[in-house]
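In the working numbering, the protein residues as written are 3 to 549.
Where is the CB? At the ideal position from N, CA and C, for every residue including glycine.
Structure first, commentary second.
This is how it looks when you write it as structure tokens:
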């Protein structure tokens, strides 16, 4: 093999004789002012530096620490391998096709790349591949002859990048561990098991972002308020990673605490807004807090910068919840307000985060409209609806954002199942004589519902105490409501006074103050709340015997 012919065609060794001739300065012109005299003297005394063109290519390549191999012809016969290549993979015979003599390149998939370089006449690079010797290399394949030369070849230049590859792998491993920590924290802060109210069927799903996306702060919750009412909440903390998940956990815990106060949705968001600013002034979050009351057939909600609730009615028509929508939590300076949307028997409502509908290549309204179309055709249980909505949105394991979806249905109950859900109400008129009338009404209703004698008597006693308390401390209008579900009996009395009663210890000589204490003792639970009209509601529950 004529190695000298090959060396003239290595990259960077093209001859520059014409350029050197033009730039050379003859001895008789050194004193004409072009070059300072002192500089000219030093140039004359110094030995001439060797040009790149006259360096022996083989000697250079033999001492290069990178791996170098030269192959030629369509079958890539070996023309040369340097000492570094021999040290890494052993001696390789010349004149033998690379497929047989260079198995390490075949295993790395480099042979098709050599074909491409020969055909195109352009260099190609294969980054950070681990070879059989356990080291990682970046291979650059460069053509060393002009097109049409039957002996055209390829120079394979491999740089050892093992340290870089190992550092990158350590970084990826650290990122994986951090993501796993964030996912574990996120899932541990979400409800492990959703509360299932008597009047609603609920399902939820959470899908973290793909491996290239850090975990966000999406969250949801279902909170039983008592008296048959249920709070539903979904939110999204802006940002990624453990910090976003930690802020999410604090907000979710705060929501559950505020929910126990049984406040209207806008007041809950007002409290959350201040708390979010205290937790981290640089973190903002969107949130929807809604309350379902089966007696009213509607969903009362407030939104802090979150996406609109979607509701499909019993006829399959999908609508968006209207305003009001305030700014995200943590911005401060905004007075939130509540709105409502009908949720009659047979209706389905969907609360979701932006990862379900937001795409980089499409408008947000288009994503919400697509979700509306998917909801219109999604039937079945809440879990089935949940899964169908996620699939229709194209959410996969490598999705670039995390997704939370909460689906609730208010089922239309008929037949024997409908008999387990009953309501009865009585307007309390006429002053003190309303108390015996309320007791008689409650006794008749509980008898018609075929409750056991013990539960019947406890229900009548609780009704008597709640009505007496309202007559003594409340103002008209007053109303008694009894409701039964498949799991509990609920007794509620409303009046026009917004002063909430509290349980206290009555002294032996006190003539009053024992009514709430009696109710709290005999009932499974009790509570009170202010009503939107300026009054209050006091309620208690009895768990029904099963079987």
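> CA-CA distance, residue 118 and residue 179?
Replying inline: 39 Å
> Among 182, 127, 187 and 175, which has the Cα closest to the Cα of residue 160?
Replying inline: 127
>> Going by C-alpha to C-alpha distance, which of 155, 228, 455 and 99 sits closest to residue 494?
In response: When only C-alpha atoms are compared, the closest one is 228.
> Does the segment 321-335 come close enough to the segment 271-285 that 3 or more CB-CB pairs lie under 8 Å?
Replying inline: yes
> Helix or strand or just coil, what does DSSP make of residue 425?
Replying inline: strand
> Taking just the CA atoms, how far does residue 198 sit from residue 542?
Replying inline: 19 Å
> By how many angstroms is the C-alpha of residue 350 removed from the C-alpha of residue 379?
Replying inline: 12 Å
>> Taking 7 Å as the threshold (C-beta atoms), are residue 293 and residue 254 in contact?
In response: no
> Are three or more beta carbon pairs between the segment 360-372 and the segment 263-279 nearer than 8 Å?
Replying inline: no
>> Alpha carbons only, please: which of 377, 348 and 395 is nearest the one belonging to residue 414?
In response: 348
> Counting contacts by CB-CB distance shorter than 7 Å, is residue 225 in contact with chain D?
Replying inline: Included in the structure is just one protein chain, with no chain D present.
> Mapping DSSP to helix, strand and coil, what is residue 435?
Replying inline: Correct three-state label for residue 435: helix.
>> Which residue wins for smallest C-alpha separation from residue 91, given the options 78, 120 and 136?
In response: 136
> Considering residue 544, what are the terminal residues of the alpha helix (DSSP H) in which it resides?
Replying inline: Residue 544 -> not in any alpha helix (DSSP H); beta strand (DSSP E) instead, spanning 538-545.
>> Can you look up residue 285 in the DSSP assignment and give me helix, strand or coil?
In response: coil
> Can you check whether the CB of residue 500 is closer than 7 Å to the CB of residue 476?
Replying inline: no
> Would the beta-carbon of residue 422 fall within 7 Å of that of residue 202?
Replying inline: Not in contact: residue 422 and residue 202 (Cβ atoms no closer than 7 Å).
> Once you ignore the five residues that flank residue 325 on each side, which residues in its own chain have a CB closer than 7 Å to its CB?
Replying inline: In its chain, beyond the 5 residues on either side, 341 have a beta carbon closer than 7 Å to the beta carbon of residue 325.
> If you scan the segment 226-255 from start to end, which runs of the beta strand (DSSP E) of 3 or more residues do you find wholly inside it?
Replying inline: 231-239
>> To test your reading of the DSSP string, which unbroken alpha helix (DSSP H) runs of 4 or more residues are found completely within the segment 331-396?
In response: 366-378 and 384-394
> For residue 526, which of helix, strand or coil comes out of DSSP?
Replying inline: coil
> Just how far apart, CA to CA, sit residue 110 and residue 174?
Replying inline: 22 Å
> In angstroms, rounded to a whole number, what distance separates the CA positions of residue 208 and residue 158?
Replying inline: 49 Å
> Given residue 428, which residues of its chain have a CB within under 6 Å of its CB, disregarding the five upstream and five downstream residues?
Replying inline: 443 and 482
> Should the segment 180-191 be called in touch with the segment 101-115, which here means at least 3 C-beta pairs below 8 Å?
Replying inline: no
>> In the DSSP assignment, the beta strand (DSSP E) including residue 207 goes from what residue to what residue?
In response: 203-209
> Do you know whose CA, among 460, 315 and 354, lies nearest residue 345's CA?
Replying inline: 315
> Relative to the C-alpha of residue 339, which residue among 306, 281, 313 and 416 is closest?
Replying inline: 306
> In angstroms, rounded to a whole number, what distance separates the CA positions of residue 382 and residue 453?
Replying inline: 33 Å
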